[in-house]
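Peer 1:
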Amino acid sequence: MKIQPINYLNGTIKLPGDKSISHRSAIISALANGQTTIENFASSADCASTLECLQKLGVIVERTGSTVIVKGVGKQGFIESASELDCGNSGTTVRMLAGIVAAQPFSSTLIGDESLSKRPMKRVIEPLTEMGAKFDSTENRLPLKVHGTLLKSIFYQPNIASAQVKSCVLLAGLNAVGTTEFTEITPTRDHTERMLRWFGVEITATRTVNGKLLSISGDAELTAKNLVVPADVSSAAFFLVAASCLQNSDVTIENVGLNPTRRGIIDVLKSLGASIEIINETEVCNEPIGDLRVRGSKNLVSKDVIRGEIIANIIDEIPILAVFGTQLENGLEIREAGELRVKESDRIAAAVENLRRMNADVEEFPDGFRVKKSKLKGTKVDSFGDHRIAMAFAVAGLLAEGETEITNAECAAVSFPEFFDVLKSVSN
Ligand code: S3P
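Sequential numbering from 9 applies to the sequence shown in the numbering used here.
(1) Counting along the chain, where does the alpha helix (DSSP H) carrying residue 58 start and finish?
(2) For residue 243, which residues in the same chain have their Cβ closer than 6 Å to its Cβ, ignoring the five residues on either side in sequence?
(3) Considering only their Cβ atoms, is the gap separating residue 252 from residue 224 smaller than 9 Å?
(4) Since residue 151 is in the beta strand (DSSP E), which residue starts that stretch and which ends it?
(5) Quick check on DSSP: helix, strand or coil for residue 193?
(6) Just to confirm the assignment: which complete alpha helix (DSSP H) runs, minimum length 4, are found wholly within the stretch 70-152?
(7) DSSP on residue 184, reduced to helix/strand/coil?
(8) Would you give the residue range spanned by the beta strand (DSSP E) that residue 371 belongs to?
(9) Give me, in chain order, the residues of the same chain whose beta-carbon lies closer than 7 Å to that of residue 154; leave out the 5 immediate sequence neighbours on both sides.
(10) Shortest alpha-carbon distance to residue 391 belongs to which of 150, 365, 200, 157?
(11) Candidates 26, 42, 47: which alpha carbon is nearest residue 235's?
(12) Out of 385, 371, 386, which one is the CA nearest neighbour of residue 379?
(13) Near residue 166, which residues of its chain fall below 6 Å by C-beta distance, leaving aside the five closest residues on each side in sequence?
(14) Of the choices 99, 84, 42, 308, whose alpha-carbon is the least far from that of residue 58?
(15) I'd like to know whether the C-beta atoms of residue 83 and residue 69 end up nearer to each other than 9 Å.
(16) Taking Cβ to Cβ, would you say residue 81 is nearer than 9 Å to residue 66?
(17) With a 10 Å radius around its C-beta and 16 neighbouring C-beta atoms as the bar for buried, classify residue 90 as buried or exposed.
(18) From residue 288 to residue 267, what distance separates their C-alpha atoms?
(19) So which of 350, 25, 324 has the shortest CA-CA distance to residue 295?
(20) Answer yes or no: the CB of residue 173 versus the heavy atoms of ligand 1, is any distance below 8 Å?
(21) Is residue 197 close to ligand 1? I mean its beta-carbon at under 8 Å from any heavy atom of the ligand.
(22) Nearer than 8 Å: is that true of the beta carbon of residue 354 relative to any heavy atom of ligand 2?
(23) When DSSP labels each residue in this structure, what does residue 289 get in the three-state scheme?
(24) Just to confirm before moving on: does the CB-CB distance between residue 162 and residue 238 stay below 9 Å?
(25) Express the C-alpha separation of residue 386 and residue 254 in angstroms, rounding to a whole number.
(26) Starting from residue 377, trace the alpha helix (DSSP H) in both directions and tell me its first and last residue.
(27) Is the separation between the beta-carbon of residue 259 and that of residue 229 shorter than 9 Å?
(28) Would you mind stating whether residue 319 and residue 347 have Cβ atoms separated by less than 9 Å?
Spelled out as C-alpha cells, the structure:
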C-alpha cells in the first residue's frame, strides 16, 4: 500500500461495528435461549473467526452483510466440533471461547495463525484449571486442547488488566456450580457485563479495597434480545488523529461507541489539544454512543507522561498515539504499557521501528516509548502483520513528506477491511 501526503480530511463517515462488542454479541447470543438479530456486526476478519468457531460448535448463524442472526443453543447446547476451532488472528475469540468450551461435556482444540500461536494463554488456562477444566498445550500456547467438564465456581483476582480474561471467567462462571467472583483491580472494557445484563443476567458489582468485585451465578439463564452494535471507537481513532493533525480538517464520525471504559482515546486526544466535539449522545443496547466531530488543531501539545489506569482503556489506540506523538509540541511518552508486547505484534517494537524508519526521534522502554516532535519522512515501513500498526502508519504516511509504502497492509482487514477506502473518501 502506497500512501501520499494529503492536505486535510473532510466529510461524514460511518464506520463498521465495534470489534469487541461484535465478538461478544455472537458468543452471548449463542449462549442464549432464542434467536438474536445483530445489526451492524463488525466486518472484521476476527469477528468472522468467532462466527465460524460457533458454527463448528453447532450454532446456526445466518449472515447478510452486517446483519447476523444467531440461533441460540443455550448454555449447554453446544456440540463437539468435528475439527479444530480456528481463531485466526483473534485473541478475543480464543480467550472467550475457552471459557465456553471448558464447561461443555467434550473436548475442543483451539488453534490460530502464526501471531496468535505465539501469544500467552496461561492467563485463561490458570483460572479455568482452577474451575476444574483440563488443558493440553506446549508452554501455554496454541494449539490448546480443552477438556471440558462441569465447572466449579471460584474467586479470582488476576494479576493483569485484561478484559479478555475477565470475560473468559465470567462466561465460564455462567456454567459453573455456585457463584463465580472476579476482582478487577484496574478497570477494563465492560462490554461483556453490559451485554450479559442486556440478555437478562444479573451481575453484581461491588466496590472493595482491591477494586471492583463482579459476581455471576451459574444458575443464570440468557434470553435472546436483538442487538445493534455501535461503530468502533478504536477504528475512529485513526481518523481522530489524522484530522487533528491536518489544519482545515473537519470530519464527523457517526454513532461511535462511547463506553467510558473504551473512550479514553477521545479524552486523551482532547487533553493533548485535539478539537473533538461529541454530539447526539444516546444509548443503544446498554452502550452509550454519539457522533464525533473532529477538526484540525493548531495547539497540539503534551504535558505529562501517559501511564496508570488509563492505559487499559486506550490499549488498542497506543500505536496511533505513537504517531500522534510526532506531531506534538514536547512529543509524547507512554509507560506501563508492557501488555503491548504480547498483542498481535510486539506493538512497542513495531511502532518504534517504523517511527525510526520515518525519521522520528524515539526512545524505547520495556513498558513504552518516548517520541519527540519530528518531521516524518515517507519511506518503506512494515505492518508486522498487525492491523493496528498498518493503519497507524497509513496515518503517519498522510502526515509525512514524500511517499510511504506499507508492506502487508492488507492485514488491516483483521479489524477494518474498508479502512483504506474510507480514508480515501475523506482525503483531500
Ligand atoms: C479486547 C480486549 C483487549 C484488547 C483487544 C480486545 C476485548 O485485550 O487489546 O483488542 O475485546 O476484550 P486484553 O483484554 O487482553 O488487554
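Backbone N, C-alpha and C fix where the C-beta goes; we use that ideal spot for every residue, glycine too.
Peer 2: Answer, in terms of the structure:
(1) Counting along the chain, the alpha helix (DSSP H) containing residue 58 begins and ends at 53-64.
(2) Within the same chain, 23, 424 come within 6 Å of residue 243 by CB-CB distance, once the 5 residues on both sides are set aside.
(3) Not closer than 9 Å, so no.
(4) Counting along the chain, residue 151 sits inside the beta strand (DSSP E) bounded by residues 149-155.
(5) Reduced to three states, the DSSP call for residue 193 is coil.
(6) Complete alpha helix (DSSP H) runs here, min 4: 99-109, 130-138.
(7) Three-state DSSP puts residue 184 in a strand.
(8) Counting along the chain, the beta strand (DSSP E) containing residue 371 begins and ends at 370-373.
(9) Once the five neighbours on either side are set aside, the close Cβ partners of residue 154 are 106, 109, 110, 115, 116, 118, 141, 143.
(10) Between residue 391 and the set 150, 365, 200, 157, the nearest pair of CA atoms involves 365.
(11) Taking only the C-alpha atoms, the option nearest residue 235 is 47.
(12) Ranking 385, 371, 386 by Cα distance to residue 379 puts 371 first.
(13) Cβ neighbours of residue 166 within its own chain (closer than 6 Å, five residues either side excluded): 173.
(14) Measuring from the Cα of residue 58, the nearest candidate turns out to be 99.
(15) The answer is no: Cβ separation not under 9 Å.
(16) Cβ distance < 9 Å, so residue 81 and residue 66 count as in contact.
(17) Burial state of residue 90 is exposed, judged by a 10 Å Cβ sphere holding fewer than 16 other Cβ atoms.
(18) Going by the C-alpha atoms only, they are around 15 Å apart.
(19) Sorting 350, 25, 324 by C-alpha distance to the C-alpha of residue 295 places 25 at the top.
(20) Using a cutoff of 8 Å, the CB of residue 173 counts as near ligand 1, since one of the ligand's heavy atoms is closer than that.
(21) At least one heavy atom of ligand 1 falls within 8 Å of the beta-carbon of residue 197.
(22) The model on display carries ligand 1 but not ligand 2.
(23) In this structure, residue 289 counts as strand in the three-state DSSP scheme.
(24) Residue 238 sits away from residue 162, with the two beta carbons spaced by 9 Å or more.
(25) Between the C-alpha atoms of residue 254 and residue 386 there is a straight-line separation of about 16 Å.
(26) Not the alpha helix (DSSP H): residue 377 falls in the beta strand (DSSP E), residues 376-379.
(27) The beta carbons of residue 259 and residue 229 sit no closer together than 9 Å.
(28) In contact: residue 319 and residue 347 (Cβ atoms closer than 9 Å).
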